Amino acid sequence: IHLLMGCGSSTPSQDELIARAKEPPLPKGSPILSQLAAALTREYGQDGNSRNQAVGDFLDAIRGRQSELGELSFNEFEDWVENWAEAAVRSHATSVQSLKLAWNVGSQPMGAQPTVVQPTPMAQPAG
């Protein structure tokens with residue numbers, strides 16, 4: 001059973017933060033998740049310390065483009081961003097890179113190379 005955080009609820013464990021942050025309410029690979037990952041990176045960098053309000057600016061921009069959320073309401077998305085994704089990074093429970101991998105956005109894991117399939121040449125009969 002998934003309960004939303006609210007007033008009077010206990011603080012979630014780091015494991016719960018990570019699990020909920022890695023299960024976005026949008027399809028994995030979504031451009032919005034990619035934009036969120038970029039905002040998290042701008043705000044928290046590699047060390048998880050907040051530098052600016054990039055995530056808030058991102059949410060303000062999405063508020064004006066709610067149709068991109070499909071069936072999901074803006075308030076549901078905002079709650080997930082603030083209470084799970086951003087909270088997991090802010091509390092150092094996980095990294096933005098780890099979330100990007102879980103959300104299937106951003107760059108490929110280090111060492112991964114795109115697979116290119118080359119057509120196999122047909123052997124020509126000796127003439």
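Numbering-wise, the numbering used here puts 82 at position 82 of the sequence shown, and it's gapless, one number per residue.
Glycine residues also receive a C-beta, built at the ideal position from the N, C-alpha and C atoms.
Keep in mind it's a predicted model, so treat the numbers as computed, not measured.
- CA-CA distance, arginine 90 to glycine 64, rounds to 25 Å.
- Collapsing the DSSP output to three states places glutamine 46 in coil.
- Taking a contact as a CB-CB distance under 8 Å, the pair leucine 36 and alanine 85 counts as one, their CB atoms being some 7 Å apart.
- Here glutamate 76 is exposed, its C-beta having fewer than 16 other C-beta atoms within 10 Å.
- Between the alpha carbons of tryptophan 103 and tryptophan 80 lies a distance of about 14 Å.
- A residue is called buried once 16 or more other Cβ atoms fall within 10 Å of its Cβ, and alanine 61, having fewer, is exposed.
- Annotation for alanine 93: no alpha helix (DSSP H) segment contains it, and DSSP assigns it neither H nor E.
- Here the alpha carbon of serine 30 sits roughly 10 Å from the alpha carbon of glycine 106.
- In the structure shown, serine 73 adopts coil according to DSSP, grouped into three states.
- Where valine 105 is concerned, there is no enclosing alpha helix (DSSP H), because DSSP gives it neither an H nor an E.
- A direct Cα-Cα distance of roughly 8 Å separates asparagine 49 from glutamate 43.
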